[in-house]
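Numbering (the working numbering), first residue to last: 23 to 899.
In this text, a Cβ means the ideal position worked out from N, Cα and C, and glycines have one as well.
For reference, the structure is listed below as structure tokens.
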RNA sequence: GCGGACGUGGCGGAAUGGUAUACGCAGCAGACUUAAAAUCUGCGGCCCACAAGGCAUGAGGGUUCGAUUCCCUCCGUCCGCACCA
């Protein structure tokens, strides 16, 4: 067999078929072995898989196959995040029904995934657009509604007047809709919200328990939740200056210590007091209208100037009835954070300082940094937000910031006005409730009915699912559900009178917030989950996906699991015990003279290093080799997984994805390295063949003694085994692959030794058999097809996919004598070989006889000799 | 602006307080071949003709017997958040 080339194209489908026929990756829920749940983020069925999928699913498959070999009952399912806008875009642009488009894509991508040789349990496949899935989602919506986890409220949205649809912030570009180009308006719509903010503190606290999540993701979630501790303070207003004799304004501040530096108050343009004042002041009304015209798009907010308008209202300082502050409406105050009103202390807040400098209100520093003279400490253009002592602050003078905050809070909490304390400590979060209403067709219908008499009525559970109608038209903008002739019309479940269905559908993030739970038992029809299954399988032991989901998907899933817990559909709070975020697949770009890009397949590369040149295959025209970018359609730097699998085989593609780059970092796809991976596939095939030849003469019984060469091989094999196991556990795939290559090199050396000697000694033949039986299982998780073929060639009748992980022989990892590096003043100068358990004194004596040491010491005694057991010796001269 | 990560040969990278440059890619030289491909062997941080030696992990400083690893300052690259009071 050793002189035949390994033919991946013939071999891979053969093993895939066999795995399939024998159903060896179908997982049973009642298997008594310990469980291991490995999950990769399921794909959106966009049409074809891309290299990012190949990388993601290869990593998951390595873990799944390894854990299976380690004796775990492994759950490794796959499904489709199948609702979403691209299906509707296809319907509009190509007149294909979203359902047809989606299911065709699923079929194509499933075939592609199968060609990768992934050890997936396809019997548990889920598509979120299937009524058998979203039925349960609707059921949970109703349960959550009953449990008070969902509410309906007004919210501002980006409205595209041409497409007649709501746009996400990222779909608004320079204030215009990304598709229509129409100027986006702010509209108030009544929408459904999941009350995720009720769980802000719990979601924050529990991050500490997620010790197998990347620190980066945990930090991003902490920042996103954005907890702050502050004080609500009720300022009195001069009723003579207010529109309707209002007497009070409540503000939120995290810096109550700076109250004596206050120079103004500011209201959000959406604040009720601003609205009231605008009714009596046309100029103010115009100012507010102008503020509201600006969208929520980030670019606009960034560039917008800080603008204010003096309402004429005057507020009274809480510590001085004779001290009044002007009340402005300002465009930078958000209505939905705190109370929508603030007091401004310009000396210690840059934004407030910019504001007073524009309107000439001045500033007073109240915190003086250590070592500064308060008399000369002035603020002009840069606010001071550091530590220091209170100054110019009456009873607070001399206190630290923390003490001053506490003193202000205590004093104002103690005062009451109208039976309520003047101030109250409050914790605020940046995290907002999760608006899930989408004015779209291709999503999960929200199961409620609007009745003129009964109001919002939930669809009775027995009437679920509320299915999407299939006879819809995309010939006009807007939501097809809204204008469907009959779907919307329904009798009120309570009073029986004609009523209307909710035509909004759910955000697709809802679909992906519980699919991992459904995978634990996707067959049960009368409930979203089977409690014994969901509780025994969850949490997911290893979740793998892109960093782009670090916040939204992962935070929503954490919330949703809590909600399922409350509603009785799951018994835990944290769905993902281990998380890994893999890097992207990137590729260099090729720019043609006309500025457009060429694909890697259209380009031929010549030369190396600085001499590398790229020319178009078709015309010979030179193209510029550009920067390395994320593979994308727009840069045309994509490589099609199908092409790679066709040319090199899935194992080569899988090996490449794990090589060289650490898995959390981006990997650069290059033709040279794919060939390198392919060469290694061939080399392993040859090596296993050669090893098999050598091993033919091996005795059945393990020899009592091993010669030096055989022992060296055995040590290499067991050393590699121990290290590879550890590296897979830590997901250090690139290091793991280097270990396998090193072991293969050691095996090649041994084969070389045998062929130089003419024949194998019995001990070497036995050791070679052992080495081959270790090598194949080691690379099986990465290259399963090649491993099956090698395993069969070695004469095994079992499948490697079902074989146990080899046992390490610990004694082989311990050396009798060890060679320690010898440093002189921290630089390596020599080696010394000593018995493993040699005493310090003996090692020291041995070291002092070395020529290099004698020379360095020039006859003098060393100042110190440091012996680190099993590691190193350092002589200080 | 706030927060975080990273910086090692020509390139991807290894080593998380103990032999810096494992493993691979590219390169060079050689073997096999009529030739090529494939394969195999050898060489690859810099300075110095060699050796000895010295210098090298973005730059500078510190801690340590010993620092790529820990600490401080700076430079560069990337990422997240951002009128959040």
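Review point. Does the beta-carbon distance from residue 724 to residue 677 come in below 8 Å?
Key: In this structure, residue 677 does not lie closer than 8 Å to residue 724 by Cβ.
Check your understanding: Bridge partners of residue 603, per DSSP?
Key -> For residue 603, which the question treats as bridged, DSSP gives the partners 567.
Point to revise | Residue nearest to residue 110 in terms of C-alpha spacing, selected from 86, 119 and 158 | key: The residue with the shortest Cα to Cα distance from residue 110 is 119.
Point to revise | Assumed close pair residue 250, residue 362 - CB separation to whole angstroms, cut-off 8 Å | key: Contact between residue 250 and residue 362 fails: their C-beta atoms lie close to 16 Å from each other, not under 8 Å.
Check your understanding: Which parts of the stretch 793-846 are runs of the beta strand (DSSP E), unbroken and 3 residues or longer, counting only runs that do not cross its ends?
Key -> The stretch 793-846 contains these whole beta strand (DSSP E) runs: 839-846.
Point to revise | Closest residue to residue 665 among 45, 37 and 138 (Cα-Cα distance) | key: Comparing Cα positions, the closest option is 138.
Review point. Under 8 Å, do residue 140 and residue 71 count as touching if we go by C-beta distance?
Key: Cβ distance not < 8 Å, so residue 140 and residue 71 don't count as in contact.
Review point. Can at least three beta-carbon pairs, one atom from the stretch 586-606 and one from the stretch 162-177, be found at a separation below 8 Å?
Key: Counting C-beta pairs closer than 8 Å gives three or more between the stretch 586-606 and the stretch 162-177, which meets the contact rule.
Check your understanding: Roughly how many whole angstroms lie between the Cα atoms of residue 174 and residue 550?
Key -> Pairing residue 174 with residue 550, the inter-Cα distance amounts to about 24 Å.
Check your understanding: So, are the CB atoms of residue 846 and residue 823 less than 8 Å apart?
Key -> Against a cut-off of 8 Å, the Cβ pair of residue 823 and residue 846 comes out as no contact.
Check your understanding: Is it true that the CB of residue 212 sits closer than 8 Å to the CB of residue 243?
Key -> No, these two residues do not count as a Cβ contact at 8 Å.
Exercise for review: Using only alpha-carbon positions, find the residue among 856, 634, 568 and 231 that is nearest to residue 687.
Suggested key: Closest by alpha carbon: 568.
**Study point:** Own chain residues within Cβ distance below 7 Å of residue 53, not counting five before or after
**Key:** Here the set comprises 95.
**Study point:** Other residues of its chain near residue 42: CB distance less than 7 Å, five sequence neighbours each side excluded
**Key:** Excluding sequence neighbours, residue 42 sits near nothing in its chain.
**Study point:** Simplified DSSP state of residue 180, which is helix, strand or coil
**Key:** The three-state secondary structure of residue 180, taken from DSSP, is strand.
**Study point:** residue 359, enclosing beta strand (DSSP E) - first and last residue
**Key:** Here residue 359 belongs to no beta strand (DSSP E), and DSSP marks it neither H nor E.
Point to revise | Among 619, 265, 617 and 638, nearest to residue 627 - alpha-carbon criterion | key: Residue 638 is the option with its Cα nearest to residue 627.
Review point. Can the beta-carbon of residue 64 be found less than 8 Å from the beta-carbon of residue 458?
Key: Cβ atoms of residue 64 and residue 458: not closer than 8 Å.
**Study point:** CB contact flag (residue 97, residue 545, <8 Å)
**Key:** Going by C-beta atoms, residue 97 is not nearer than 8 Å to residue 545.
Check your understanding: When burial is assigned at 16 or more other CB atoms within 10 Å of the CB, is residue 304 buried or exposed?
Key -> Burial call: exposed.
Check your understanding: Do the stretch 863-881 and the stretch 824-834 meet, that is, are 3 or more Cβ pairs less than 8 Å apart?
Key -> Taking 8 Å as the limit for Cβ pairs, the verdict is that the stretch 824-834 does not touch the stretch 863-881.
Point to revise | residue 667 burial status per 10 Å Cβ neighbour count (16 or more: buried) | key: Buried: at least 16 other Cβ atoms inside 10 Å.
Check your understanding: Does the Cβ-Cβ distance between residue 679 and residue 609 come in under 8 Å?
Key -> Contact check for residue 679 against residue 609 fails: the beta carbons are separated by 8 Å or more.
Exercise for review: Taking all protein chains shown into account, decide if residue 416 is buried (16 or more other Cβ within 10 angstroms of its Cβ) or exposed.
Suggested key: The residue is exposed, with fewer than 16 neighbouring Cβ atoms inside 10 Å.
Check your understanding: If residue 843 and residue 850 are in contact, beta carbons under 8 Å, what's the gap, nearest whole angstrom?
Key -> Confirmed, about 5 Å.
**Study point:** Local conformation of residue 250 per DSSP, three classes
**Key:** Residue 250 carries a strand assignment under DSSP once its states are collapsed to helix, strand and coil.
Point to revise | Start and end residues, beta strand (DSSP E) containing residue 36 | key: Taken as a continuous stretch (DSSP letters only), residue 36 belongs to no beta strand (DSSP E), being part of the alpha helix (DSSP H) at 30-44.
Practice item. For the beta strand (DSSP E) holding residue 287, just list the boundary residues, first then last. Key: Note, residue 287: beta strand (DSSP E), 286-289.
Practice item. Less than 8 Å between the CB atoms is what I'm expecting for residue 413 and residue 378, so what's the real figure, rounded? Key: In fact, because the Cβ distance is near 18 Å, the residues do not count as touching under 8 Å.
Check your understanding: Applying the criterion that 16 or more other CB atoms from any shown protein chain within 10 Å of the CB defines a buried residue, is residue 367 buried or exposed?
Key -> With 16 or more other Cβ atoms within 10 Å, it is buried.
Point to revise | Ordered list of alpha helix (DSSP H) runs contained in the stretch 625-705, each at least 4 residues | key: If we require 4 residues or more, the alpha helix (DSSP H) runs fully inside the stretch 625-705 come out as 663-670 and 672-680.
Point to revise | Cutoff 8 Å; reference residue 756; Cβ partners in own chain excluding five residues on either side | key: Only 680, 681, 682, 683, 684 and 685 meet the Cβ criterion.
Check your understanding: How many angstroms separate the CA atom of residue 714 from the CA atom of residue 660?
Key -> Here the alpha carbons of residue 660 and residue 714 stand approximately 40 Å from one another.
Check your understanding: Leaving out five residues before and five after residue 885 in sequence, what residues of the same chain have Cβ atoms less than 8 Å from its Cβ?
Key -> Once the five neighbours on either side are set aside, the close Cβ partners of residue 885 are 898 and 899.
Review point. What are the start and end residues of the alpha helix (DSSP H) that includes residue 133?
Key: Here the alpha helix (DSSP H) through residue 133 covers 120-137.
Review point. So, helix, strand or coil for residue 446, using DSSP?
Key: In the structure shown, residue 446 adopts extended strand secondary structure according to DSSP, grouped into three states.
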